[in-house]
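Going by this note's numbering, the sequence shown opens with residue 206, and the numbers climb by one from there. Notes to accompany the following structure.
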Amino acid sequence: MRITLVTPTPFQYYSGMLPGWMAGHYALNACCIDLRPLAEAAGATLITEHVLGMDADRHHIRLANGRTMAYDLLSLDVGSETDTSGLQALGDRLLPVKPLDDFFDAWPQVLATASRTPDFRLSVIGGGAAGVELALAANHALRRDGSTAQIDLIVSEAGLLPDHAPGVIRRARRQLAKTNIALHCSRASAGDAGLVLAGGTRLPAHKVIATTGARALGWLGRSGLAVDAHGFILVDAHHRSLSHADVFAAGDTCARADVRMARSGVHAVHAGPILAHNLIATIEGNALRTYRPHPRSLYLLATGPRHAIASWGRWSAEGNWVWHLKDHIDRAFIARFVRISAA
Ligand SMILES: Cc1cc2nc3c(=O)[nH]c(=O)nc-3n(C[C@H](O)[C@H](O)[C@H](O)COP(=O)(O)OP(=O)(O)OC[C@H]3O[C@@H](n4cnc5c(N)ncnc54)[C@H](O)[C@@H]3O)c2cc1C
């Protein structure tokens, strides 16, 4: 059996630690997993390439270098990209949070430009956890550098943190109020020198960070795989493609046909061991296991300094201790992969 891991870079960046890295609490290498020793430990060949397409009926994927690769069994875990509809005209001003590799590359330059540009204006679009965390992290980093940059957080008419309990929203609003981040509840689109809000208000912006939700990678819709109305790979409870039994998918890239499941790292991570079992079981002809998503997940939202908000169903809490809990969980997550590599 030959196992191949195809990935655009040898590093997997960890979104959970991105806000802490932006705020200056972590070095870059603390927030990413080196895939090379992991692949070696698993006896897998690592190919650093983008996948640009696939033909599910012919059982092959197409790489950016022009090569095609045949497979007998495929695990397709390519995540999602940021939905930048209505924002593309921003050109260089636009900085989508995904792909994460590009964001990690670009943020230090944004910070440097902001520090030397008087009246620098940064907009963050998106009222979900990522938008709130990134706006607060950016604020922390800019103030630490002595920048007087103006930050605007634009959340749609759905409001701030629409998937969280009122207590979490109150806590987030209080944290935002301690900063000079301006909150706008309106839909934004690209304008001449920044954004235009639904009511016609113009918001000038040197940079616009988009955390506007997940969009499926475009080529999945042309792959021959069954996808849902938004282009995500339709899978069953075993995370196997509904249309092609030799394709499995987990994480943001898939949509469960049997149950509604949020696109979150929690599900991507928890489905991982089931996915691994099912890949091996398919080869050995054994029974497949089912991933049962827990209806509630714990979210820990970093707020800039070493402080965070915890959200679990209707329950919420906040404090430096929440940040330390988050820090412990996140570091332990990365350390697990370092230990596997070293074993
Ligand atoms: C700022 C931020 C904070 C977040 N915090 C949390 C949190 O605290 N808790 C939580 O549960 N969720 C969080 N999320 C959501 C979480 O990041 C995603 O749900 C999770 O990363 C999904 O995992 P995944 O493996 O499906 O995709 P990803 O983690 O995006 O991994 C996809 C992988 O596929 C690779 N890839 C992409 N395209 C290709 C291609 N064409 N060819 C080859 N390889 C490709 C990528 O390089 C990457 O290695 C956060 C998201 C953001 C943006």
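Using N, Cα and C, we set each Cβ at its ideal position, and we do this for glycine too.
Would residue i pass as a contact of residue j if the rule is Cβ separation under 8 Å?
{"i": "L299", "j": "A419", "result": "no"}
{"i": "A244", "j": "L251", "result": "yes"}
{"i": "M466", "j": "A343", "result": "no"}
{"i": "A462", "j": "S446", "result": "no"}
{"i": "S428", "j": "G258", "result": "yes"}
{"i": "A460", "j": "L439", "result": "yes"}
{"i": "V452", "j": "L279", "result": "yes"}
{"i": "H402", "j": "F309", "result": "A small fix is needed here, since residue 402 is Leu in this sequence, not His. Cβ distance not < 8 Å, so L402 and F309 don't count as in contact."}
{"i": "S394", "j": "L292", "result": "yes"}
{"i": "R321", "j": "S361", "result": "no"}
{"i": "H265", "j": "G509", "result": "no"}
{"i": "E254", "j": "P213", "result": "yes"}
{"i": "A329", "j": "L366", "result": "Sequence inspection shows Val at residue 329; the Ala mentioned does not correspond to that position. No, they are not a contact pair."}
{"i": "A334", "j": "I386", "result": "no"}
{"i": "A305", "j": "S220", "result": "Per the sequence presented here, residue 305 reads as Leu, with Ala not at that position. Cβ distance < 8 Å, so L305 and S220 count as in contact."}
{"i": "L376", "j": "I208", "result": "For the sequence presented, residue 376 should be read as Arg rather than Leu. No."}
Just checking: is the beta-carbon of residue i within a distance shorter than 8 Å of some beta-carbon in chain B?
{"i": "D297", "result": "The displayed structure is made up of one protein chain only, and chain B is not part of it."}
Check residue i in the structure and name its three-state DSSP category.
{"i": "S516", "result": "strand"}
{"i": "E362", "result": "coil"}
{"i": "V471", "result": "helix"}
{"i": "E489", "result": "helix"}
{"i": "K412", "result": "strand"}
{"i": "A335", "result": "helix"}
{"i": "V401", "result": "strand"}
{"i": "V464", "result": "coil"}
{"i": "E245", "result": "helix"}
{"i": "H230", "result": "coil"}
{"i": "M206", "result": "coil"}
{"i": "H435", "result": "coil"}
{"i": "S502", "result": "coil"}
{"i": "D451", "result": "coil"}
{"i": "H265", "result": "strand"}
{"i": "A370", "result": "coil"}
{"i": "H443", "result": "coil"}
{"i": "R392", "result": "coil"}
{"i": "L430", "result": "coil"}
{"i": "T458", "result": "helix"}
{"i": "G418", "result": "coil"}
{"i": "A387", "result": "strand"}
{"i": "R544", "result": "helix"}
{"i": "R511", "result": "coil"}
Please identify the residue among the options whose C-alpha is closest to the C-alpha of residue i.
{"i": "E286", "options": "A261, R348, T458, K412", "result": "T458"}
{"i": "L388", "options": "R378, G396, A395, S394", "result": "R378"}
{"i": "V315", "options": "A410, A370, A232", "result": "A410"}
{"i": "G284", "options": "S546, L505, P500, G423", "result": "G423"}
{"i": "A481", "options": "S469, V471, T495", "result": "T495"}
{"i": "C237", "options": "L223, A548, L381", "result": "L223"}
{"i": "P498", "options": "P478, L506, R511, I514", "result": "P478"}
{"i": "C390", "options": "L358, D288, K531", "result": "L358"}
{"i": "L484", "options": "L281, R241, A269", "result": "L281"}
{"i": "H472", "options": "N491, A486, H444, L493", "result": "H444"}
{"i": "N270", "options": "Y276, R263, D277, V256", "result": "V256"}
{"i": "A319", "options": "V464, G229, T353, R207", "result": "T353"}
{"i": "F542", "options": "P323, L505, L240, T417", "result": "L240"}
{"i": "W520", "options": "G490, H369, H435, V302", "result": "H369"}
{"i": "N525", "options": "R326, L506, G405, R207", "result": "L506"}
Beta strand (DSSP E) segments (min. 3 residues) lying fully within the segment 269-353:
273-275, 279-281, 299-301, 326-330
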